[in-house]
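Here's the structure we're looking at; comments come further down.
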Amino acid sequence: MIVPRSIVFQVTFAIGMALQSAPAADPEEVSAAGDDGSVVHDLGELVVVGTRTEQRWIDAAGTTLRADSEDLLRTGSQDLSGFAKYDPTVSLPFDFSSGDGAFGYGQSGYGSINIRGAEGNRIAIELDGIRQPPQYVSTSFDMGSGDGAGGIGRDYFDPALFDLVEVLKGGASALYGSDALGGVVAFSTPDPASMLTGRNAGGLLRTQYFSANESIAGQVGGAVRKGDTSVMLLYAGRHGEETANNGVEPPNPADFTSNSALLKAEHVLGDHVFRLALEAFEREAFTDVRSAASSKFPVFNDYVYNNQLLDRQRASLKWQWTPQSESAWVDQLDSHAYWQHAGTVSENDSASKPFVIDGVPIPGTERPRQQRISFDTDIMGLSSVARREFGGSGRVTHAGMAGIDLSLESGSNRFTRLDSGMSDDVNRTSFAPTDTIRTGVFLQDEIKIDGQWFVTPGLRLDWQGIKPDPNQAYLDRLAALGRFGQEPPTDYENFSVSPRLNLAWKPTEIVQWYGTYAHGVRNPTAEELSMVFDHPPSGGNPAGALTIPNPSLEEEQSDAFELGFKAEGDAGRFQASVFYTNYRDFIENGVPTGELDDDGREIVTTVNRGEAEIYGFELGGMLEAGHFHDKAEGWQLGLATGKSIGNNLTDDVPLNSIEPWKTAGFIGYEDPEGRFGARLSGIYTAEVTRVDDTTNQGAFFRPPAWFTLDLAAWWEPTETVAIHAGFNNIFDEKYWAWGSVRRGNGHLGGNATSDRSTAPGRNFSLSFTKTF
Numbered sequence: 012m013i014v015p016r017s018i019v020f021q022v023t024f025a026i027g028m029a030l031q032s033a034p035a036a037d038p039e040e041v042s043a044a045g046d047d048g049s050v051v052h053d054l055g056e057l058v059v060v061g062t063r064t065e066q067r068w069i070d071a072a073g074t075t076l077r078a079d080s081e082d083l084l085r086t087g088s089q090d091l092s093g094f095a096k097y098d099p100t101v102s103l104p105f106d107f108s109s110g111d112g113a114f115g116y117g118q119s120g121y122g123s124i125n126i127r128g129a130e131g132n133r134i135a136i137e138l139d140g141i142r143q144p145p146q147y148v149s150t151s152f153d154m155g156s157g158d159g160a161g162g163i164g165r166d167y168f169d170p171a172l173f174d175l176v177e178v179l180k181g182g183a184s185a186l187y188g189s190d191a192l193g194g195v196v197a198f199s200t201p202d203p204a205s206m207l208t209g210r211n212a213g214g215l216l217r218t219q220y221f222s223a224n225e226s227i228a229g230q231v232g233g234a235v236r237k238g239d240t241s242v243m244l245l246y247a248g249r250h251g252e253e254t255a256n257n258g259v260e261p262p263n264p265a266d267f268t269s270n271s272a273l274l275k276a277e278h279v280l281g282d283h284v285f286r287l288a289l290e291a292f293e294r295e296a297f298t299d300v301r302s303a304a305s306s307k308f309p310v311f312n313d314y315v316y317n318n319q320l321l322d323r324q325r326a327s328l329k330w331q332w333t334p335q336s337e338s339a340w341v342d343q344l345d346s347h348a349y350w351q352h353a354g355t356v357s358e359n360d361s362a363s364k365p366f367v368i369d370g371v372p373i374p375g376t377e378r379p380r381q382q383r384i385s386f387d388t389d390i391m392g393l394s395s396v397a398r399r400e401f402g403g404s405g406r407v408t409h410a411g412m413a414g415i416d417l418s419l420e421s422g423s424n425r426f427t428r429l430d431s432g433m434s435d436d437v438n439r440t441s442f443a444p445t446d447t448i449r450t451g452v453f454l455q456d457e458i459k460i461d462g463q464w465f466v467t468p469g470l471r472l473d474w475q476g477i478k479p480d481p482n483q484a485y486l487d488r489l490a491a492l493g494r495f496g497q498e499p500p501t502d503y504e505n506f507s508v509s510p511r512l513n514l515a516w517k518p519t520e521i522v523q524w525y526g527t528y529a530h531g532v533r534n535p536t537a538e539e540l541s542m543v544f545d546h547p548p549s550g551g552n553p554a555g556a557l558t559i560p561n562p563s564l565e566e567e568q569s570d571a572f573e574l575g576f577k578a579e580g581d582a583g584r585f586q587a588s589v590f591y592t593n594y595r596d597f598i599e600n601g602v603p604t605g606e607l608d609d610d611g612r613e614i615v616t617t618v619n620r621g622e623a624e625i626y627g628f629e630l631g632g633m634l635e636a637g638h639f640h641d642k643a644e645g646w647q648l649g650l651a652t653g654k655s656i657g658n659n660l661t662d663d664v665p666l667n668s669i670e671p672w673k674t675a676g677f678i679g680y681e682d683p684e685g686r687f688g689a690r691l692s693g694i695y696t697a698e699v700t701r702v703d704d705t706t707n708q709g710a711f712f713r714p715p716a717w718f719t720l721d722l723a724a725w726w727e728p729t730e731t732v733a734i735h736a737g738f739n740n741i742f743d744e745k746y747w748a749w750g751s752v753r754r755g756n757g758h759l760g761g762n763a764t765s766d767r768s769t770a771p772g773r774n775f776s777l778s779f780t781k782t783f
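Every position in the sequence shown, counted from 1, becomes a number in our numbering once 11 is added.
Pasting the structure below:
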């Protein structure tokens with residue numbers, strides 16, 4: 012372990028005793044202090060994601076990240092990554108548009124969320140309790156990056172509609188089922204009450220500007236209440252250009268536009284509350300991929316244009332029953348029925364220049380290509396959770412919870428290509444259209460003994476069925492595999508058991524020692540079971556490669572352990588933890604079989620072959636200086652640091668998905684009356700040293716260490732007007748983020764990083780909000 016446990020516990024115990032002398036924060040009190048989305052949080056905040064039940068931060072075992080809408084405003088969040096900017100072990104790898112001439116259709120954006128080194132489909136993502144689409148990888152050439160960089164990501168959101176973001180770090184399959192192998196990200200949107208604030212009518216008008224991508228964003232909405240019924244309508248729009256870098260090589264020109272609309276209605280009927288939600292989101296982006304047109308791996312040297320359309324629509328109905336009768340069988344019952352569609356269409360238009368003889372272009376020798384790739388995911392589901400407390404005022408009390416999760420997900424893909432340099436191909440379907448059925452039952456009981464000891468066992472039983480329904484296009488793809496052809500895919504079925512145990516000791520109300528164990532699972536996706544894809548020639552294989560299906564895949568499994576300490580009081584807050592996770596049967600894409608087809612193409616497939624481990628530590632805290640001296644009232648100091656180490660135990664090499672050691676700190680001031688405030692925040696990230704150079708990407712570029720300094724300020728001249736401003740990367744530091752440079756290089760290899768993929772230099776943001 013990087014830091015000896017004895018030292019960690021001695022330090023945390025000393026800090027805990029210092030905070031213990033202060034009275035505990037009122038659990039209902041909500042501090043006005045902003046949260047950078049790290050282990051540093053506001054006192055008195057409530058955490059839901061850790062146990063699917065509201066708990067005070069000091070009572071919740073495990074490590075979580077929490078950022079609400081005000082936090083996102085105060086840190087100048089311009090995109091999905093904003094909530095994790097100052098967290099040491101959560102990041103969002105950004106995929107730049109490709110410089111690989113054969114992969115010019117690779118899209119740009121956030122393709123994944125990384126939690127302590129786990130990412131892609133090993134992280135469960137929910138929006139208002141609805142499972143979000145998987146990450147598709149079959150159209151990616153960069154499988155050596157770990158999860159198929161350059162494929163279709165999971166960013167179907169406008170962060171302006173987030174009311175709350177919560178992250179649970181570590182395995183959580185006992186509560187959230189398959190895919191929560193490495194953690195959970197739960198996004199929540201606002202309810203009418205957040206806009207009404209106790210009134211019968213309320214409204215919001217906001218405009219924002221971000222210089223990093225020359226984007227303008229706006230939100231407008233309103234809510235009304237009449238009697239027991241309230242309705243809210245909220246719209247968010249955004250338009251911008253390519254994200255700037257900080258090098259001599261400019262980024263690819265781009266522009267994007269997104270629109271989001273959210274309607275929520277709520278009706279209270281005695282002990283019952285009914286909540287209806289309707290949402291629509293779309294984002295259209297265009298990129299002039301000049302890096303691919305001028306690539307060192309040239310295919311189309313005239314132009315490469317990409318258009319991408321993402322869309323998502325959902326409808327949901329929630330019913331909450333809180334019976335007032337003492338004879339009721341539950342204290343609260345929450346049920347949720349939902350439907351969601353998510354789709355993406357990527358259109359690529361490319362061309363090579365004609366041959367030139369004696370300065371004269373030869374007509375007909377140019378090569379145009381048009382491609383269209385689409386993925387669609389539809390899901391409908393039903394969940395219900397019952398809660399009951401019993402034990403009364405005895406020495407032992409129980410807070411029990413039981414629930415069911417049912418869902419049916421349908422996924423499909425279509426890939427067409429018209430190319431004058433080869434025969435037209437309107438049948439490049441990458442996987443069989445498939446229905447995925449999930450059935451889960453879970454139980455949890457928080458047992459409180461003598462008010463100090465907490466034992467929380469949890470158990471989840473899951474059955475998952477994946478039922479392919481091959482269309483003729485996919486069957487033709489199988490037939491074209493020749494001697495590597497297979498029978499049509501058959502059903503996949505798996506039953507899994509996921510236990511979890513939390514142990515905690517609270518010697519006082521403001522100090523907690525805890526230990527957690529969680530078993531995690533991830534079933535293969537429908538795409539991984541039936542994936543077919545042919546890769547063009549590369550330097551590694553002049554004939555190219557062919558991905559064939561593997562219907563024999565099994566589930567991935569993990570066992571996660573964490574030990575930690577928490578303390579909070581009027582003087583501030585502190586947390587430290589050490590963690591270890593063992594992963595088995597990792598599903599790995601693009602694994603060579605050692606065979607060649609009749610055309611000399613390398614045959615690759617998807618297999619369970621990996622065993623891995625990830626371990627590390629996190630610690631951080633925040634001090635309220637006013638607790639120690641009256642003249643320092645309003646001043647705050649914060650620090651958070653964390654490091655993960657990951658090893659591929661099968662091949663005895665490092666895991667490339669591990670982010671380098673990161674430390675974030677701040678000093679800030681907030682007016683005690685809540686009228687204004689400012690915060691100076693710094694981030695230091697160590698150089699990348701542990702890298703696996705044995706993948707199909709070869710040797711990777713290793714980013715050096717970097718440090719950035721940001722200044723954020725806000726002012727509320729009246730109760731209904733708020734102005735936020737941010738000045739980022741004040742020193743104009745030139746740096747590369749490891750999560751970006753290890754992805755998306757395609758045939759160019761891992762060492763193809765250039766100035767084009769540097770992070771933005773000095774930039775600023777402005778925001779004006781008017782509430783009614």
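C-beta: ideal position from N, C-alpha, C; glycine also.
Quiz item: If you draw a straight line from the alpha carbon of aspartate 387 to that of valine 522, how long is it in whole angstroms?
Solution: 48 Å
Practice problem: Please determine if the stretch 659-672 and the stretch 618-637 are in contact, where contact requires at least 3 C-beta pairs separated by less than 8 Å. | Solution: yes
Exercise. Indicate the three-state DSSP secondary structure (helix, strand or coil) for tryptophan 340 in the structure shown.
Key: coil
Quiz item: Can you list, in chain order, the residues of its chain whose CB lies under 6 Å from that of glutamate 277, leaving out five sequence neighbours each side?
Solution: Pro203, Ser241, Arg286
Self-check item: Spatial distance of glycine 645 from tyrosine 97 (CA atoms)
Solution: 21 Å
Quiz prompt | Local Cβ density within 10 Å of threonine 731, reported as buried at 16 or more and exposed below that | solution = exposed
Practice problem: Would you kindly work out how many angstroms separate the C-alpha atoms of aspartate 610 and alanine 72, rounded to a whole number? | Solution: 56 Å
Exercise. Measure the C-alpha to C-alpha separation of glutamine 66 and glutamine 143 and round it to an integer number of angstroms.
Key: 25 Å
Quiz item: phenylalanine 775: which of Glu225, Glu81, Tyr626 sits nearest, CA to CA?
Solution: Glu225
Exercise. Determine contact between the stretch 738-748 and the stretch 226-237, defined as no fewer than three beta-carbon pairs at a distance below 8 Å.
Key: no
Quiz item: On the premise that serine 751 lies in contact with phenylalanine 107, defined as a C-beta separation below 8 Å, what is that separation, rounded to the nearest angstrom?
Solution: 6 Å
Quiz item: So, helix, strand or coil for alanine 171, using DSSP?
Solution: helix
Quiz item: Cα separation between threonine 527 and aspartate 342?
Solution: 27 Å
Self-check item: Contact check, leucine 722 vs isoleucine 734, beta carbons under 8 Å
Solution: no
Quiz item: Is proline 510 helix, strand or coil by DSSP?
Solution: strand
Quiz prompt | For tyrosine 147, the first and last residue of its enclosing beta strand (DSSP E) | solution = Tyrosine 147 -> no beta strand (DSSP E), and no H or E assigned at all.
Quiz item: What number of angstroms, rounded off, separates the C-alpha of proline 372 from the C-alpha of phenylalanine 366?
Solution: 6 Å
Quiz item: When you compare each of Ala135, Val101, Val300 to serine 119 by their alpha carbons, which one comes out closest?
Solution: Val300
Quiz item: Comparing alpha-carbon positions, which option in Asp435, Thr445, Phe401, Glu420 lies nearest glutamate 457?
Solution: Phe401
Exercise. Out of Asn132, His546, Arg511, Pro262, point me to the one whose CA is closest to alanine 571's CA.
Key: Arg511
Quiz item: How should histidine 347 be labelled, buried or exposed, when 16 other C-beta atoms within 10 angstroms of its C-beta is the threshold for buried?
Solution: buried
Practice problem: Consult DSSP for serine 751 and reduce its assignment to one of helix, strand or coil. | Solution: helix
Self-check item: Reduced DSSP secondary structure (H/G/I, E/B, other) of tryptophan 672
Solution: coil
Quiz item: Could you give the residue range of the beta strand (DSSP E) that holds proline 468?
Solution: 464-479
Self-check item: Exposed unless 16 or more other CB atoms sit within 10 angstroms - verdict on isoleucine 460
Solution: exposed
Practice problem: Taking the CB atoms as reference points, tell me whether phenylalanine 576 and tryptophan 524 lie closer together than 8 Å. | Solution: yes
Practice problem: Would you mind giving the Cβ-Cβ distance between glycine 232 and threonine 218, rounded to the nearest angstrom? I have them listed as a contact below 8 Å. | Solution: With 8 Å as the limit, glycine 232 and threonine 218 do not qualify as a contact, their Cβ atoms being about 13 Å apart.
Exercise. Name, in chain order, the residues that DSSP records as bridge partners for histidine 250.
Key: Ile227, Thr268
Quiz item: Apart from the five residues just before and just after aspartate 389, which ones in its own chain have a Cβ nearer than 6 Å to its Cβ?
Solution: His352, Ser421
Quiz prompt | Limits of the unbroken beta strand (DSSP E) element including leucine 564 | solution = Where leucine 564 is concerned, there is no enclosing beta strand (DSSP E), given that its DSSP letter is neither H nor E.
Self-check item: Contact belief for arginine 428 with glutamine 483 at Cβ below 8 Å, rounded distance in angstroms
Solution: That belief does not hold up - the Cβ atoms of arginine 428 and glutamine 483 are roughly 18 Å apart, past 8 Å.
Exercise. Determine the burial state of isoleucine 227: buried for a count of at least 16 other Cβ atoms within 10 Å of its Cβ, exposed for fewer.
Key: exposed
Quiz item: Between aspartate 322 and proline 309, what straight-line distance do the alpha-carbon atoms span, to the nearest angstrom?
Solution: 32 Å
Quiz item: What's the call for serine 189, buried or exposed, on a 16-neighbour Cβ count within 10 Å?
Solution: buried
Quiz item: Taking just the CA atoms, how far does aspartate 360 sit from arginine 380?
Solution: 6 Å
Self-check item: Residue nearest to glutamine 568 in terms of C-alpha spacing, selected from Phe544, Asn593, Asp581, His546
Solution: Asn593
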